[in-house]
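In the order they appear, the protein sequences are chains A and B.
Going by numbering that gives the first Met the number 0, 233 is the number at position 234 of the first sequence; the sequence numbering is gapless.
Going by numbering that gives the first Met the number 0, 423 is the number at position 424 of the second sequence; the sequence numbering is gapless.
Read the structure below first, then the notes.
Number of protein chains: 2
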Amino acid sequence: MTLQHPPATSAERVAALRGRLAQSGLAACLVPTADPHLSEYLPDHWAARTWLSGFDGSAGSLLVTADFAGLWTDSRYWVQAEAQLRGSGIVLMRAGAPEVPDMLDWVLAHLAHGDRIAVDGRVLDLAAARRWRSGLDGAGMALVLDQDPVGAVWSDRPALPEARVFEHLPPHACRTRADNLAAVRAAMREHGAAWHLLSSLDDIAWLLNLRGADVDYNPVFLAHALLDAEGVRLFVAPGKIDAALAARLAADGVVLRDYAALAADLAALPAGAALLVDPARVTAGTLSHVPGARRIEALNPSQLLKSVKNAAEAGNIRAAMAQDGAALCAFFAWFEAAQAAGERITEIDVDTHLSAARARRPDFVSLSFATIAGFNANGAMPHYRATDASHATIQGDGLLLIDSGGQYLGGTTDITRVVPIGTPSAEQCADYTTVLQAHIALARARFPEDTPSSVLDMLARQPLWRRGLDYGHGTGHGVGYFLNVHEGPQSISVRGHARPHQGMKAGMLTSNEPGLYRDGHWGIRIENLVLAVPVERTEFGTFLAFETVTLCPIDTRCIVQERLSADEIAWLNTYHAQVRDRLLPLVDGAARDWLLERTEPL
Amino acid sequence: MTLQHPPATSAERVAALRGRLAQSGLAACLVPTADPHLSEYLPDHWAARTWLSGFDGSAGSLLVTADFAGLWTDSRYWVQAEAQLRGSGIVLMRAGAPEVPDMLDWVLAHLAHGDRIAVDGRVLDLAAARRWRSGLDGAGMALVLDQDPVGAVWSDRPALPEARVFEHLPPHACRTRADNLAAVRAAMREHGAAWHLLSSLDDIAWLLNLRGADVDYNPVFLAHALLDAEGVRLFVAPGKIDAALAARLAADGVVLRDYAALAADLAALPAGAALLVDPARVTAGTLSHVPGARRIEALNPSQLLKSVKNAAEAGNIRAAMAQDGAALCAFFAWFEAAQAAGERITEIDVDTHLSAARARRPDFVSLSFATIAGFNANGAMPHYRATDASHATIQGDGLLLIDSGGQYLGGTTDITRVVPIGTPSAEQCADYTTVLQAHIALARARFPEDTPSSVLDMLARQPLWRRGLDYGHGTGHGVGYFLNVHEGPQSISVRGHARPHQGMKAGMLTSNEPGLYRDGHWGIRIENLVLAVPVERTEFGTFLAFETVTLCPIDTRCIVQERLSADEIAWLNTYHAQVRDRLLPLVDGAARDWLLERTEPL
């Protein structure tokens, strides 16, 4: 079948894919949500699952066989996927529901000995490739990684993004490229590695003090990097880096190579070369080009190095937080006045006004993620996003949850606040107070350096668990320095243990965001960023505490004060005194009045 | 060299071993502390490291080469090992000290390409064998597992113990052998295993409702077990099981085989047989006999099954705890009266009198471990044991720590109390109060079922960490049911993460034992056993709490009351009211008076 024009609907696209599978002797095609860099945000070029299915949530995998097409996605997206898949012929597979098999198990149950299953190996992470290969091997099926049947029928596939790469410069950049390279090379020597391949974009951006704009929210650019003891080959599309920057890079031993030249360069590595790779941060397809190397698998050294902010970075982060807090003061002053005046305000308006307030602050670059503004039931969906087609007007009684953040040259912010609308119920106030207690418990933590980050979550959970409550996400993720708002390797998450268990280090910047979600009713999350700082050295070790660096009032109108201990009230009053002190020089007019009112002590 | 008589000193024994190594072309011999069952307590037959070195601590590994002999042991044993190694020519290698290499690293640095290193594979766990093999392979050295050079020179090696095996019967046994076997076989089917090999003695004792007395403290017997879907082969020395018991076992499909027949039976397994083994609970030597089987590696299913006590067991445990508490009342009444009368009491006397008090209680079988009675500086050593040659008299001012426990037919106990002697210092009282707060924090925990046990430790640590204090051991270990006082798979330990992370289940019995050790000065530990019980089911899950089942007053004379919160005081008063209520029917005379005085509310 020759296509005269690109298939226009999901049904047509799936049909075209099935034709291709039949031509190639393939029984099925798995389409994950991933790119060759295993990024959180994908360029449109790699959004194959969305193109085929019409479902545009951030997570999900599609499986197409000759007579079945199913989309596996988790509970966050069931409502959205059901709507977007309508008419496509694609079955929604509710991943995590008790009766729904895992995709591999489905394949093992429904396909036959000898069947060949294709996945574009360029976007399949190594761990998933191993799991699939091991499962299929046992059933006499084969995993085919070197074909791209979707690409073969996707005739109007978008090109790769071509945004310019720029240098992160002092005073915002607080480490030299040479220092970063020396630190990574020291780690390579410890691992006995002569070479090190990086595909993860935040690692590459950090390592080389470069930033880009190839995807939304994360200031990164599409590239791979290959290091040895002397040089770096940076694989990046020609034209993204200008001659002046190329010369500066060359001075640090960084040689530019075409983005597409990686495969040939990897194939030319010396036989037996010791190559350090992070199995969670390279794809099976990329590694298929290095059959001769001896692979040493470990966390990318840059993951830990960039998670620990130095003193100069911490200073810039504090300044960025003050600018971000000033933007929030301006926004909330407008919001409360507009509410009081009876203006009709939607969740979309919240996003618009808040983004505009941030954009007015110095050194602002972009949002760090899509604003979540959810009123009542919408706030109960932790990853809700209001759209033009579907959003709420903020009116009546209840709780409005706003989770937002910005990219500044001197730091990345991420903050969640919940504010009362009209008269919230007693249950809403009780829940709000419990989440605040969880937040304060973690904010007040003291712990020895190298305490596994996962166990700190216990402090935030205990006030909720004591009331029979819980929330389904982690309490803290690492945050980059004018980089990705989600980064590792630490993770304050009681269940989602990071592997290996990362100890907390002084200088790590992490979110503190306990929540509570009453499905269909309301959601609460209170989030600040916290910096681990040393406070005491005793015979028992070096002890760290968290400095809360986010600066914005935590609304006190929903607090059930008699539920708070004296220690909790003292923490909140001290925090509000600091917020007032730090933000007052940056605000005026209505924003100043709002700041003064909302930082009154309890 | 032919030995006329067994070598009598460590120096002679090491010399004899070196002769053997030279004859066999071996460059070195590693002597771990282990037996073929990887037990905590070893029969003398397997105490090769002690026989060679003279060091009789419970942990340590010896390495002997032609010109070096070193004993690696951790900080608990440095003082003892230094004394016991004197004159042996064996170097104390302080494991864990920054400058001391790991034994494998030492071997890699000091031995040469082509060297052969022997370890008795019969006692080497699979994980260690893998680590050694992988390390030595890279350096061109060989690991030899099928020779026992120590045994070759150990002419007066003790025989294996021959204690009789007895049956654990109702009403103390609360499950049938048939039920246990069915539950393990269900787990085997889930793993796709046709066979299951057990070498761990507590697993075997639990599975078959049998108990023994081959080692101190743990009521187990030397055996291996091999299960398939219909039968069990129990490999045990002839004569340990009498004919009547053998007949009862046969009715449940249990066939007796000679302890030494295991190797041949394993070798005769069908080629490709799917054999379930726990890599932490079988040795490399044992598995060397099953080259043809397909190994499925997982935690022994009985580990989780026996950790969850059923309702009838919980009832018996509560009764055993009351008997144990009554014994402690009698002991403390004697102790305080004797102190008041000015009698000279040593740490040894504490052990003697306390053990005697326990022995008078119904259904008492033995101690569950060697009593730790440590006054002041001796209490600062968490694994201290007073000996005839070295112990303290309890006089002057300070703190006495007593950690003790008993085996009863209806349960195993483990309790630590600290009592003031004379007038303790303000610092001692502050420390005592902090440890009590840690204990109460964990005792009051609420958490969803399947919360990883490791993270609960955070609750106990926080009161200590807030003061810059810490302790080097875990906070909670599982406890068997008239079985080993230390069992898994749960572990309340912030750093020593069990693998895989075991979720907490209703019915698990675990210790709650935070501590604080001021090296050279004093030690504090407050330990009760706690049973996980369901308390609430909400839309967010099933929530568990701990029922404290140990019954004995926690001394209130060292408490700095103003440091305690109202919740903490309420917990302690409620606990003491329960202790008084439950123990009063079991005590009289001085013990009754003591109980009433020590359970007065704060």
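Glycine included, each C-beta is placed from N, C-alpha and C at the ideal position.
Computed from a predicted model, the values in this text were never measured in an experiment.
Fill in: Reference Arg256 (chain A), options A:Phe234, A:Lys239, A:Asp264, A:Ala263, closest by Cα
Stepping through the first sequence from its first residue, residue 256 (chain A) is reached at position 257. When only C-alpha atoms are compared, the closest one is A:Phe234.
Worksheet item: Alpha carbon to alpha carbon, how far is Asp119 (chain B) from Asp34 (chain B)?
Response: Along the second sequence, read from residue 1 onward, the residue named residue 119 (chain B) stands at position 120. Along the second sequence, read from residue 1 onward, the residue named residue 34 (chain B) stands at position 35. Between the alpha carbons of Asp119 (chain B) and Asp34 (chain B) lies a distance of about 10 Å.
Worksheet item: Whole-angstrom Cβ separation of Ile523 (chain B) and Val578 (chain B), contact assumed at under 8 Å?
Response: Here residue 523 (chain B) refers to the residue found at position 524 of the second sequence. Here residue 578 (chain B) refers to the residue found at position 579 of the second sequence. At roughly 20 Å, the Cβ-Cβ gap does not stay under 8 Å, so Ile523 (chain B) and Val578 (chain B) are not in contact.
Fill in: Nearest residue (CA-CA) to Pro462 (chain A), options B:Ala319, B:Trp464, B:Leu458
Position 463 of the first sequence, counting from 1, holds the residue named residue 462 (chain A). Comparing Cα-Cα distances from Pro462 (chain A) to each of B:Ala319, B:Trp464, B:Leu458, the minimum goes to B:Leu458.
Item to complete: Classify Gly522 (chain B) as helix, strand or coil using the three-state DSSP reduction.
Response: Residue numbering aside, residue 522 (chain B) sits at position 523 when the second sequence is read from its first letter. It is a strand residue.
Discussion item. Under 8 Å, Cβ to Cβ, is there at least one residue of chain A near Val493 (chain B)?
Written reply: Your numbering for residue 493 (chain B) matches position 494 in the second sequence. By this cut-off, Val493 (chain B) is an interface position.
Discussion item. Please list the terminal residues of the continuous alpha helix (DSSP H) segment that includes Asn315 (chain B).
Written reply: If you number the second sequence from 1, residue 315 (chain B) lands on position 316. Residues 310 to 339.
Worksheet item: Based on Cα-Cα distance, which residue from A:Asp201, A:Trp153, A:Val90 lies nearest to Leu304 (chain A)?
Response: Translated into positions along the first sequence, residue 304 (chain A) becomes position 305. Minimum Cα distance to Leu304 (chain A) is reached at A:Asp201.
Worksheet item: How is Met92 (chain B) classed by DSSP in three states: helix, strand or coil?
Response: Position 93 of the second sequence, counted from the first residue, corresponds to residue 92 (chain B). Of the three classes helix, strand and coil, the one that applies to Met92 (chain B) here is strand, per DSSP.
Worksheet item: Is it buried or exposed for Asn611 (chain A), if we count other Cβ within 10 angstroms and need 16 for buried?
Response: Nothing in the structure corresponds to residue 611 (chain A), since chain A is present only between 0 and 601.
Worksheet item: beta strand (DSSP E) containing Cys28 (chain B): first to last residue?
Response: In the second sequence, counting from the first residue as 1, residue 28 (chain B) sits at position 29. First-last of the beta strand (DSSP E) with Cys28 (chain B): 27 to 30.
Discussion item. Using only the alpha-carbon positions, how far apart do Ala311 (chain A) and Gly421 (chain A) sit?
Written reply: By 1-based counting over the first sequence, the position of residue 311 (chain A) is 312. By 1-based counting over the first sequence, the position of residue 421 (chain A) is 422. Their Cα atoms are separated by approximately 43 Å.
Worksheet item: According to DSSP, which residues form a beta bridge with Asn511 (chain A)?
Response: Position 512 of the first sequence, counted from the start, is the residue given in the question as residue 511 (chain A). When DSSP reads this structure, Asn511 (chain A) sits in a beta bridge with A:Asn527.
Worksheet item: Which full runs of the alpha helix (DSSP H) of 4+ residues lie inside the segment 12 to 69 of chain B, going along the chain?
Response: Taken in chain order, the whole alpha helix (DSSP H) runs of length 4 or more contained in the segment 12 to 69 of chain B are 47 to 52.
Worksheet item: Nearest CA to the CA of Ala332 (chain A): which residue from A:Ile240, A:Ala589, A:Gly479, A:Thr547?
Response: Translated into the one-based positions of the first sequence, residue 332 (chain A) becomes position 333. Ranking the options by Cα distance to Ala332 (chain A), first place goes to A:Ala589.
Discussion item. I want to verify the contact list: residues of chain A whose CB lies under 7 Å from the CB of Ser453 (chain B), in sequence order.
Written reply: Residue 453 (chain B) sits at position 454 when you count from the first residue of the second sequence. Correct list: Val454.
Item to complete: Measure the C-alpha to C-alpha separation of Asp387 (chain B) and Leu398 (chain B) and round it to an integer number of angstroms.
Response: On the second sequence, position 388 is the one that residue 387 (chain B) refers to. On the second sequence, position 399 is the one that residue 398 (chain B) refers to. Roughly 21 Å separates the two Cα atoms.
Fill in: Cβ neighbours of Cys328 (chain B) in the same chain (closer than 7 Å, five flanking residues each side left out)
Your numbering for residue 328 (chain B) matches position 329 in the second sequence. Correct list, in chain order: Leu582, Val586, Ala590, Trp593, Leu594.
Fill in: DSSP three-state assignment for Tyr431 (chain B), whether helix, strand or coil
The residue you call residue 431 (chain B) lines up with position 432 of the second sequence. If DSSP states are grouped into helix, strand and coil, Tyr431 (chain B) belongs with the helices.
Item to complete: Note down the Cα distance separating Ile401 (chain A) from Leu84 (chain A), rounded to an integer number of angstroms.
Response: On the first sequence, residue 401 (chain A) is found 402 positions in, with the first residue counted as 1. On the first sequence, residue 84 (chain A) is found 85 positions in, with the first residue counted as 1. Cα to Cα, Ile401 (chain A) sits roughly 28 Å from Leu84 (chain A).
Worksheet item: Applying a beta-carbon distance threshold of less than 8 Å, which residues of chain A neighbour Leu468 (chain B)?
Response: Along the second sequence, one-based indexing puts residue 468 (chain B) at 469. By Cβ distance, chain A contributes Thr537, Phe539.
Worksheet item: According to a CB-to-CB cut-off of less than 7 Å, which residues of the segment 68 to 87 of chain B neighbour chain A?
Response: Listed by position, the residues of the segment 68 to 87 of chain B near chain A (Cβ gap below 7 Å) amount to none.
Worksheet item: Sorted by chain position, which residues of the same chain lie with C-beta nearer than 6 Å to Leu441 (chain A)'s C-beta, five sequence neighbours on each side aside?
Response: As a working mapping, residue 441 (chain A) is identified with position 442 in the first sequence. So the qualifying residues of the chain are Leu458, Ala459, Asn511.
Discussion item. Would Leu366 (chain A) pass as an interface residue toward chain B - the criterion being a Cβ-Cβ separation below 8 Å?
Written reply: Here residue 366 (chain A) is taken as the residue at index 367 of the first sequence, counted from 1. With 8 Å as the cut-off, Leu366 (chain A) does not count as an interface residue toward chain B.
Discussion item. Please return the same chain residues whose Cβ sits closer than 8 Å to the Cβ of Gln338 (chain A), not counting the five positions on each side in sequence.
Written reply: Here the question's residue 338 (chain A) lines up with position 339 in the first sequence. Taken in chain order, the residues that qualify are Ile344, Ile393, Ile420.
Discussion item. So if DSSP puts Gln406 (chain B) in a beta bridge, which residue, or which two residues, is it bridged to?
Written reply: Here residue 406 (chain B) is taken as the residue at index 407 of the second sequence, counted from 1. In the DSSP output, where bridge partners are listed per residue, Gln406 (chain B) has B:Ser365, B:Thr411.
Discussion item. Give me the chain B residues within the contact set of Leu16 (chain A), using Cβ-Cβ distance strictly less than 7 Å, ordered along the chain.
Written reply: Within the first sequence, numbered from 1, the residue matching residue 16 (chain A) stands at position 17. Listed along the chain, the chain B residues whose CB falls inside 7 Å of the CB of Leu16 (chain A) amount to none; the nearest CB is some 34 Å away.
Practice prompt. List the whole-angstrom C-beta distance separating Ser52 (chain A) from Leu70 (chain A), where the pair is believed to meet the contact cut-off of C-beta under 8 Å.
Written response: As a working note, residue 52 (chain A) is residue 53 in the first sequence. As a working note, residue 70 (chain A) is residue 71 in the first sequence. Between Leu70 (chain A) and Ser52 (chain A) the Cβ distance is about 5 Å, and since that is below 8 Å, they are a contact.
Worksheet item: CA-CA distance, Pro160 (chain B) and Ala193 (chain B)?
Response: Stepping through the second sequence from its first residue, residue 160 (chain B) is reached at position 161. Stepping through the second sequence from its first residue, residue 193 (chain B) is reached at position 194. For Pro160 (chain B) and Ala193 (chain B), the distance between alpha carbons rounds to 32 Å.
Discussion item. For the structure I just gave you, are there three or more beta carbon pairs, one from the segment 60 to 75 of chain B and one from the segment 83 to 97 of chain B, closer than 8 Å?
Written reply: The segment 60 to 75 of chain B is in contact with the segment 83 to 97 of chain B.
Worksheet item: Mind listing which residues of the segment 541 to 569 of chain B have their C-beta closer than 9 Å to chain A's C-betas, in chain order?
Response: Those would be Phe542, Ser564, in chain order.
Worksheet item: From Gly467 (chain A) to Arg445 (chain B), what does the alpha carbon distance come to, in whole angstroms?
Response: To locate residue 467 (chain A), count along the first sequence from 1; it is residue 468. To locate residue 445 (chain B), count along the second sequence from 1; it is residue 446. In a straight line, the C-alpha of Gly467 (chain A) is about 8 Å away from that of Arg445 (chain B).
Worksheet item: Is the CB-CB distance between Leu550 (chain B) and Asn572 (chain B) below 8 Å?
Response: By one-based count along the second sequence, residue 550 (chain B) stands at place 551. By one-based count along the second sequence, residue 572 (chain B) stands at place 573. No, the pair does not count as a contact, with Cβ atoms beyond the cut-off.
Worksheet item: Whose C-alpha, out of A:His520, A:Pro381, A:Glu486, A:Ala172, is nearest the C-alpha of Arg280 (chain A)?
Response: Translated into the one-based positions of the first sequence, residue 280 (chain A) becomes position 281. The shortest Cα separation from Arg280 (chain A) among A:His520, A:Pro381, A:Glu486, A:Ala172 belongs to A:Glu486.
Worksheet item: From the beta carbon of Arg445 (chain A), is the nearest beta carbon of chain B less than 8 Å away?
Response: Within the first sequence, the letter at position 446 stands for residue 445 (chain A). Yes, because at least one Cβ of chain B sits closer than 8 Å to the Cβ of Arg445 (chain A).
Practice prompt. Can you have a look at Glu599 (chain A) and say buried or exposed, based on whether 16 or more other CB atoms are within 10 angstroms of its CB?
Written response: In the first sequence, counting from the first residue as 1, residue 599 (chain A) sits at position 600. Under this definition Glu599 (chain A) is an exposed residue.
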